[in-house]
Amino acid sequence: MDVSTMEVPRRKSLACNSFVLVCVCLCMLAPSYADDKQVNLLVRTLLASKPMDASEGHEKHRVKLDQNIKDLRTKLEQLPYKKFQMLSSRTISVPPKKKVPLKIDSDSNLNFRLLYANEHRAGIWLNWLDSSGMELLNTRMHFNCTEPMVAGTENTDEEARLVAVSVQR
Numbered sequence: 006m007d008v009s010t011m012e013v014p015r016r017k018s019l020a021c022n023s024f025v026l027v028c029v030c031l032c033m034l035a036p037s038y039a040d041d042k043q044v045n046l047l048v049r050t051l052l053a054s055k056p057m058d059a060s061e062g063h064e065k066h067r068v069k070l071d072q073n074i075k076d077l078r079t080k081l082e083q084l085p086y087k088k089f090q091m092l093s094s095r096t097i098s099v100p101p102k103k104k105v106p107l108k109i110d111s112d113s114n115l116n117f118r119l120l121y122a123n124e125h126r127a128g129i130w131l132n133w134l135d136s137s138g139m140e141l142l143n144t145r146m147h148f149n150c151t152e153p154m155v156a157g158t159e160n161t162d163e164e165a166r167l168v169a170v171s172v173q174r
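Using this note's numbering, read the sequence shown as starting at 6 and increasing by one per residue.
As structure tokens, this is what we get:
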């Protein structure tokens, strides 16, 4: 009997066991998916204006903010605009894996889907449509529950529309 043929099944077995172990470890590291809990999200839409000149660079800079969005200062200072104002603010409840539409003004709609949430992180799918149904933004956002996530798109050469999303506890 050839010894090398006897070792092959054993090696395959070890490889299978290693694969299972890796899968188990990855599952343990993955975020826990929200099966029955809905998450309350604070959704704020912002208008960014007064774009910076290319000569000014895009380093952190001083910005003019509405009083009710001061908590976003560190994130907004990183964007190439000098002025930010809040257009709308709503808190919505988003159940797991269900699409939740939110009409934010006469010009656009946001759609949310909770992908997962645990005490530290949340993942949502965000789809932003204008009044004609054109997609402004379609993305997945993964963020720490203790800080807001900001995303947006240029509206014109002079303005951008932003959405700030944070988990409400």
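We put the CB at the ideal spot given by N, CA and C, even for glycine.
Where residue i falls, given that 16 or more other Cβ within 10 Å makes a residue buried
| i | result |
| --- | --- |
| residue 113 | buried |
| residue 49 | buried |
| residue 59 | exposed |
| residue 157 | buried |
| residue 170 | buried |
| residue 145 | exposed |
| residue 153 | buried |
First and last residue of the uninterrupted beta strand (DSSP E) at residue i
| i | result |
| --- | --- |
| residue 50 | 44 to 56 |
| residue 161 | Taken as a continuous stretch (DSSP letters only), residue 161 belongs to no beta strand (DSSP E), as it is neither H nor E. |
Other residues of its chain near residue i: CB distance less than 6 Å, five sequence neighbours each side excluded
| i | result |
| --- | --- |
| residue 128 | 120, 121, 147 |
| residue 94 | 49 |
Whole-number beta carbon distance between residue j and residue i, since they are thought to touch under 8 Å
| i | j | result |
| --- | --- | --- |
| residue 55 | residue 80 | Not quite, the Cβ-Cβ distance comes to about 17 Å (not below 8 Å), so this is no contact. |
Close-in-space but distant-in-sequence residues of the same chain around residue i (CB under 8 Å, 5 per side omitted)
| i | result |
| --- | --- |
| residue 33 | Low confidence applies here, because residue 33 scores a pLDDT of 38, under 50, leaving its location unreliable and the question unanswered by this model. |
| residue 142 | 131, 132, 133, 156, 157, 158, 168 |
Beta-bridge pairing of residue i - partner residues as DSSP gives them
| i | result |
| --- | --- |
| residue 95 | 48 |
| residue 72 | According to DSSP, which records beta bridges pairwise, residue 72 is partnered with nothing at all. |
| residue 106 | 116 |
| residue 166 | 52, 158 |
Close-in-space but distant-in-sequence residues of the same chain around residue i (CB under 7 Å, 5 per side omitted)
| i | result |
| --- | --- |
| residue 102 | 118, 119 |
| residue 149 | 125, 126 |
Extent of the continuous alpha helix (DSSP H) run through residue i
| i | result |
| --- | --- |
| residue 77 | Premise fails: residue 77 is in no alpha helix (DSSP H) and is neither H nor E. |
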